[in-house]
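**Student:** For the sequence shown, counting from 1, position 118 maps to 118 in the UniProt record's numbering; every step adds exactly one.
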Amino acid sequence: MSNESTIIAMALQNERPKLLGWNLPQEDMSLLHSHWQAYEAPPFYYHLLLAVIYFFLMITSTVGNGIVVWIFSTTKTLRSPSNMFIVNLAIFDLCMMLEMPMLLYNSGYQRIIGGDLACTIYSVFGSFSGIGGSATNAAIAYDRYKAISSPLDGKMNKGQAFAIIIITWLWTMPFTILPALKIWGRYIPEGFLTTCSFDFLTDDEDTRVFVACIFVWAYCIPMILIMTFYSKLFSHVKAHEKMLRDQARRMNVQSLSANKDDAAQTVEIRIAKACFTIFFLFVCAWTPYAIVALIGAFGNRSLLTPLTTMIPAVAAKIVSCIDPWVYAISHPRYRAALEKKCPWLGIKEDFKDNVDTKSVTTNATTET
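Here it is as structure tokens:
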């Protein structure tokens, strides 16, 4: 009976579900927050599925953003100050892809490989790309607002654009370097324990203040700037179009805008759609992560399961794949340059120098 009891006990132990962190080496256990140890380790096919998704996103984003950097950097007609921001955004998106090989490798082992150093490197790439991307989105909003609202004296020169780009990189530094050096905050594994981010789970005042500050710095300030500049831009376009209609009515003509009959949409609608798309992408990319961090620091942590905390990372990386299409591929000069350099892509861009000259406002929009 004793032998049978031992065999049954061993069988039950083997069938008992494993908890997260079961395969972490002892020297890495200090990285693991106790919150995750209450959850069962996800089955291996979860890791495999996530790796497949990330591999597809890595290829898509690397190719898309790589082409953006290549085309805008090697085509003389595209080397404008405004397009420098598009290249900067593509570089930040490529920085995010630098962490992908680490995630794919970690997924094969179902845990973080490399301990604290690897966790820090992974998080630094994510922090640079995330905070830098949000700051660059705000810079793009400012540039487009200035170019359209003040077409004669509002456009930046390359020196001004470069200075703003330097600011976007400096903006990433505080909340990237401080946790990396463990001066304020720290980086720890999260979710399936194959990715890392800043600690938002430790229940102390220091962590809560850190989360509140990075939320304001990396999310609220860029969000407010983007909303402000695009709302002003849209108001200016509406006022400008109203002025043209009133002037045309006084002159007893149909319109002061050229080629208006050939336009599929009014300037107002196209600007509104562009503003909404840019704003919507920013919200989709970083709102999930902001919510997760705030819940971890101030809310009910039981809501944060390993699966739900992986959603923000996927959302951010999906948006990095979409960015090249929104910011560059819709640009007629970009498509024309791409057709010239890669004719095998089959792009048929009937580009003319006078494209989108329906009005001063429209022309300013396309040039930016």
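Even glycine gets a Cβ: it sits at the ideal position worked out from N, Cα and C.
Would you tell me roughly how many angstroms separate the C-alpha atoms of T120 and A161, rounded to the nearest one?
**Tutor:** If you take the alpha carbons of T120 and A161, they lie about 31 Å apart.
**Student:** Out of V209, K340, T74 and K146, which has the shortest C-alpha to C-alpha gap to V237?
**Tutor:** Selected option, being the one with the closest Cα: K146.
**Student:** DSSP state of residue 442, grouped into three classes?
**Tutor:** This structure cannot speak to residue 442, because the chain is shown only from 1 to 368.
**Student:** Helix, strand or coil: how does DSSP classify P222 here?
**Tutor:** Of the three classes helix, strand and coil, the one that applies to P222 here is helix, per DSSP.
**Student:** Helix or strand or just coil, what does DSSP make of P81?
**Tutor:** Residue state, collapsed to three classes: helix.
**Student:** Please return the same chain residues whose Cβ sits closer than 7 Å to the Cβ of V124, not counting the five positions on each side in sequence.
**Tutor:** T176 and A180.
**Student:** Should the segment 131-146 be regarded as contacting the segment 216-234, the criterion being three or more beta carbon pairs within less than 8 Å?
**Tutor:** Touching, yes.
**Student:** Is the beta carbon of V63 closer than 8 Å to that of S73?
**Tutor:** Not closer than 8 Å, so no.
**Student:** Would S143 be called buried (16 or more neighbouring beta carbons within 10 Å of its own) or exposed?
**Tutor:** It is Asp, not Ser, that sits at residue 143 in the sequence shown. Classification of D143: buried, given that the 10 Å Cβ count is 16 or more.
**Student:** Where do the N-terminal and C-terminal ends of the beta strand (DSSP E) with S197 fall, by residue?
**Tutor:** Segment T195 to F198, the beta strand (DSSP E) holding S197.
**Student:** Could you work out which residue in A297, D199 and G133 is closest to A218 when comparing CA atoms only?
**Tutor:** If we check each option's Cα against that of A218, G133 comes out closest.
**Student:** Just the Cα atoms here: how many angstroms apart are C95 and Y109?
**Tutor:** Taking the straight line joining both Cα atoms gives about 24 Å.
**Student:** DSSP beta-bridge partners for P43?
**Tutor:** Partner(s): none; P43 has no beta bridge.
**Student:** Look at the Cβ atom of V326, then the Cβ atom of C284, and state whether they are nearer than 8 Å.
**Tutor:** Result no, Cβ atoms of V326 and C284 do not sit closer than 8 Å.
**Student:** For M58, which residues in the same chain have their Cβ closer than 7 Å to its Cβ, ignoring the five residues on either side in sequence?
**Tutor:** Hits under 7 Å: M97 and M100.
**Student:** Using the Cβ count rule (16 or more neighbours within 10 Å means buried), how would you classify W36?
**Tutor:** Under this definition W36 is a buried residue.
**Student:** How is L20 classed by DSSP in three states: helix, strand or coil?
**Tutor:** Of the three classes helix, strand and coil, the one that applies to L20 here is coil, per DSSP.
**Student:** By the 10 Å Cβ neighbour count, where 16 or more other Cβ atoms means buried, how is W286 classified, buried or exposed?
**Tutor:** Under this definition W286 is a buried residue.
**Student:** Would you tell me roughly how many angstroms separate the C-alpha atoms of P43 and I148, rounded to the nearest one?
**Tutor:** Roughly 53 Å separates the two Cα atoms.
**Student:** Look up I113 in the DSSP assignment and say whether it is helix, strand or coil.
**Tutor:** Of the three classes helix, strand and coil, the one that applies to I113 here is coil, per DSSP.
**Student:** Quick one: using the 10 Å Cβ neighbour count with 16 as the cut-off for buried, is Y289 buried or exposed?
**Tutor:** It counts as buried.
**Student:** Have a look at A264 and K340 and give me their C-alpha separation to the nearest angstrom.
**Tutor:** In this predicted model, A264 has a pLDDT of only 36, less than 50, meaning its place in the structure is not dependable; the value taken from the coordinates is given anyway. The straight-line gap from Cα to Cα measures roughly 26 Å.
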